[in-house]
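Contents: one structure, followed by commentary.
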Amino acid sequence: MSNLDRTPVPSVCGGRGFVVAEPVRELLSPRRVQLGEGTEVRRLLPNLGRRMIGAWAFVDHYGPDDIADEPGMQVPPHPHMGLQTVSWLHEGEVLHRDSTGSLQTIRPRELGLMTSGRAISHSEESPRSHARFLHGAQLWVALPDSHRHTDPRFEHHAALPTVTAPGVTATVILGSLDDATSPGTTYTPIVGADLTLADGADVRLPLVPDFEYGVLAMSGEVHVDGVPVLPGSMLYLGCGRTELPLRAASDASVMLLGGEPFEEELIMWWNFIGRSQEEIVQAREDWAKGSRFGEVKGYDGSPLPAPSLPDTPLKPRGRVR
Ligand code: MN
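The numbering of the sequence shown is this note's numbering, which starts it at 976 and goes up by one.
What follows is the structure in structure tokens.
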């Protein structure tokens, strides 16, 4: 999906100053963002006080929305730079097209992983004939400086490894959990997992103390390290944990997001992640004049125009909290 905000606020993120070295329990409230007509998402990252979790730089949760008589998701072609996008569904389907020629329907608990590298463009839409409900998350992973100019590519992994324990099934989206590793390409130490919890489940997930973590509640009634987290909200957990207690008071599902703290400072604006104002300005210009980001074929509609840049300069800065 795209950041369709017409007046996107630049976000400066990354750097050690944002990371909490100790275990914490910091509840992040979602910001409601209107995506085009009729679609509202809950934005968890970037958040007022929290910009990233490991290399995870952007998290939107949407649905479940009844789109039986609606077009559903309709995101026209738009560009990306310096990041990977992760499309993750619990219900419904998304048809993905991109400038490398991909045409792929993504279904629940399949990984749609797009590596923008230096430049890509894509569109996302609910297929004409679609399921009644649409429910999922759209996430971005920042690319490290060493790989951010790589060639664009798209991966679709329909079969992902799972880890099971009494009352819980974990699907590994990116990185590793316990002894299961996702086939998705990663560029920094990171993990993303989807956990389905049965009513009454009381489990302890193995974590890596060097990683920082957050848990996004997707559905049901779940307590994360004792804290009730409502669907569409996220609990930031900091670093220094070897395990995480999870308890479900109904059938529930959550996403575990974590990674090694991202040391490089970033500037995120609209659909771009860069390192300087000049890079962002250049990317915007290139998109506006139709160069560099390629062409998405087959989408019925015009590409998204780039919004105006803010008047204030975009500069990486220190700790904002
Ligand atoms: Mn996008």
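Even for Gly, the Cβ is constructed at its ideal location relative to N, Cα and C.
Given the structure is predicted, the values throughout are model-derived calculations rather than measurements.
Return the bridge partner residues of T1125 from the DSSP annotation.
Counting from 1 along the sequence shown, the entry for residue 1125 is found at position 150. Bridge partners of T1125: none, in fact.
Please name the residue, chosen from F1033, Q1049 and T1014, that lies closest to W1244 on a Cα-to-Cα basis.
In the sequence shown, counting from the first residue as 1, residue 1244 sits at position 269. Cα-wise, what sits closest to W1244 is F1033.
In whole angstroms, what separates the C-alpha of D1275 from that of T1075?
For the purposes of this step, residue 1275 is taken as residue 300 along the sequence shown, with counting starting at 1. For the purposes of this step, residue 1075 is taken as residue 100 along the sequence shown, with counting starting at 1. Distance between the alpha carbons of D1275 and T1075: 18 Å.
If you draw a straight line from the C-alpha of R1292 to the C-alpha of R1250, how long is it?
Walking along the sequence shown from the start, residue 1292 turns up at place 317. Walking along the sequence shown from the start, residue 1250 turns up at place 275. With a pLDDT of only 47 at R1292, under the threshold of 50, the placement of this residue in the model should not be trusted; the figure read from the coordinates follows. Going by the C-alpha atoms only, they are around 11 Å apart.
Which residue marks the beginning of the beta strand (DSSP E) containing D1035, and which one marks its end?
Translated into the one-based positions of the sequence shown, residue 1035 becomes position 60. Here the beta strand (DSSP E) through D1035 covers W1031 to D1041.
Can you tell me the Cβ-Cβ gap for A1030 and F1237, rounded? I've got them flagged as a contact below 8 Å.
Stepping through the sequence shown from its first residue, residue 1030 is reached at position 55. Stepping through the sequence shown from its first residue, residue 1237 is reached at position 262. The pair is a contact, with the Cβ atoms about 5 Å apart (cut-off 8 Å).
Starting from the C-beta of W1262, find all residues in its chain whose C-beta is less than 7 Å away, skip the five residues before and the five after it, and write them out in chain order.
Locating residue 1262 in the sequence shown gives position 287, counting from the first residue. So the list reads P1054, F1268 and A1281, once near-sequence residues are dropped.
Is any heavy atom of the ligand MN found at a distance shorter than 7 Å from the C-beta of T1060?
Along the sequence shown, one-based indexing puts residue 1060 at 85. Because some heavy atom of the ligand MN lies under 7 Å away, the Cβ of T1060 counts as near it: yes.
According to DSSP, is A1263 helix, strand or coil?
Reading the sequence shown from its first residue, position 288 is the one you call residue 1263. Of the three classes helix, strand and coil, the one that applies to A1263 here is helix, per DSSP.
R1292 by DSSP, collapsed to three states: which one?
Residue mapping note: residue 1292 aligns to position 317 of the sequence shown, counting from 1. Confidence at R1292 is low in this model, with a pLDDT of 47, below 50, so the placement of that residue should be treated as unreliable; the coordinate-derived value is given next. Looking at R1292 - three-state DSSP - the assignment turns out to be coil, as it is neither helix nor strand.
Among residues of its own chain, excluding the 5 on either side of A1106, which ones have a beta-carbon nearer than 7 Å to its beta-carbon?
To locate residue 1106, count along the sequence shown from 1; it is residue 131. The residues are E1066, G1067 and E1068.
Rounded to the nearest angstrom, how far is the Cβ of M1027 from that of Q1059, given a contact under 8 Å?
As a first step, residue 1027 is located in the sequence shown; it is residue number 52 there, counting from the start. As a first step, residue 1059 is located in the sequence shown; it is residue number 84 there, counting from the start. Actually they do not touch by this definition, with Cβ atoms about 14 Å apart.
Name the two residues that bound the continuous beta strand (DSSP E) containing S1062.
Position 87 of the sequence shown, counted from the start, is the residue given in the question as residue 1062. Element bounds for S1062: L1058 to E1066.
Could you have a look at V1183 and say whether DSSP puts it in helix, strand or coil?
Here residue 1183 refers to the residue found at position 208 of the sequence shown. In the structure shown, V1183 sits in coil (DSSP, three-state: anything other than H, G, I, E or B).
First and last residue of the beta strand (DSSP E) that includes R1247?
As a working mapping, residue 1247 is identified with position 272 in the sequence shown. In the sequence under discussion, the amino acid at residue 1247 is Phe, which differs from the Arg named in the question. Segment F1247 to G1249, the beta strand (DSSP E) holding F1247.
Cβ of G1167 within 8 Å of Cβ of L1182?
As a working mapping, residue 1167 is identified with position 192 in the sequence shown. As a working mapping, residue 1182 is identified with position 207 in the sequence shown. Result no, Cβ atoms of G1167 and L1182 do not sit closer than 8 Å.
For the candidate residues D1153, S1091 and D1185, whose alpha-carbon lies nearest to that of Y1162?
Here residue 1162 refers to the residue found at position 187 when the sequence shown is read from its first residue. When only C-alpha atoms are compared, the closest one is S1091.
Below 8 Å, can you find three or more Cβ-Cβ pairs linking the stretch 1205-1223 to the stretch 1003-1010?
Counting Cβ pairs under 8 Å, three or more are found: they touch.
Under a three-way DSSP split, which group does A1155 fall into?
Locating residue 1155 in the sequence shown gives position 180, where the first residue counts as 1. A1155 falls in the strand class under three-state DSSP.
I need the straight-line Cα distance from T1139 to M1048, nearest angstrom please.
Here the question's residue 1139 lines up with position 164 in the sequence shown. Here the question's residue 1048 lines up with position 73 in the sequence shown. So the two alpha carbons sit approximately 32 Å from each other.
Just to confirm, does H1055 get its C-beta within under 7 Å of one of the non-hydrogen atoms of the ligand NAD?
Among the ligands modelled here, namely the ligand MN, the ligand NAD does not occur.
List the DSSP bridge partners of V1178.
Along the sequence shown, read from residue 1 onward, the residue named residue 1178 stands at position 203. Bridge partners of V1178: L1221.
Mapping DSSP to helix, strand and coil, what is E1254?
Translated into the one-based positions of the sequence shown, residue 1254 becomes position 279. Helix, per DSSP.
Would you say H1122 touches the ligand MN, meaning its beta carbon is less than 7 Å from a heavy atom?
Position 147 of the sequence shown, counting from 1, holds the residue named residue 1122. Outside the cutoff, so no.
Tell me the rounded alpha-carbon separation between H1124 and G1057.
In the sequence shown, counting from the first residue as 1, residue 1124 sits at position 149. In the sequence shown, counting from the first residue as 1, residue 1057 sits at position 82. About 7 Å.
Regarding H1131 and the ligand MN, is the C-beta to nearest heavy atom distance less than 7 Å?
Locating residue 1131 in the sequence shown gives position 156, counting from the first residue. For the ligand MN, not one heavy atom lies less than 7 Å from the Cβ of H1131.
Taking its Cβ as the centre, do 16 or more other Cβ atoms sit within 10 Å of L1023, making it buried, or is it exposed?
On the sequence shown, residue 1023 is found 48 positions in, with the first residue counted as 1. The residue in question, L1023, is exposed, as its Cβ has fewer than 16 Cβ neighbours within 10 Å.
Let me know if D1073 comes out buried or exposed under the rule of 16 or more other beta-carbons within 10 Å of its beta-carbon.
The count along the sequence shown starts at 1 and reaches residue 1073 at position 98. It counts as buried.
Report, in whole angstroms, the separation of the C-beta atoms of V1204 and H1097, which I expect to be a contact under 8 Å.
If you number the sequence shown from 1, residue 1204 lands on position 229. If you number the sequence shown from 1, residue 1097 lands on position 122. At roughly 31 Å, the Cβ-Cβ gap does not stay under 8 Å, so V1204 and H1097 are not in contact.
State yes or no: is the C-beta of G1111 within less than 8 Å of the C-beta of F1186?
Locating residue 1111 in the sequence shown gives position 136, where the first residue counts as 1. Locating residue 1186 in the sequence shown gives position 211, where the first residue counts as 1. No. Outside cutoff.
What residues are listed by DSSP as bridge partners for P1203?
Taking the sequence shown and counting its residues from 1, the one referred to as residue 1203 is at position 228. P1203 pairs with H1198.
Identify, in the order they occur along the chain, each residue of the same chain with its Cβ nearer than 7 Å to the Cβ of Q1009, setting aside the five sequence neighbours on each side.
Sequence index remark: in the sequence shown, residue 1009 carries index 34 (1-based). Taken in chain order, the residues that qualify are E1015.
Does the beta-carbon of T1146 have 16 or more other beta-carbons within 10 angstroms, so that it is buried, or is it exposed?
Position 171 of the sequence shown, counted from the first residue, corresponds to residue 1146. Its Cβ being crowded by 16 or more others within 10 Å, T1146 is buried.
Cβ-heavy atom distance between N1246 and the ligand MN below 7 Å?
Position 271 of the sequence shown, counting from 1, holds the residue named residue 1246. Answer for N1246: yes, Cβ within range of the ligand MN.
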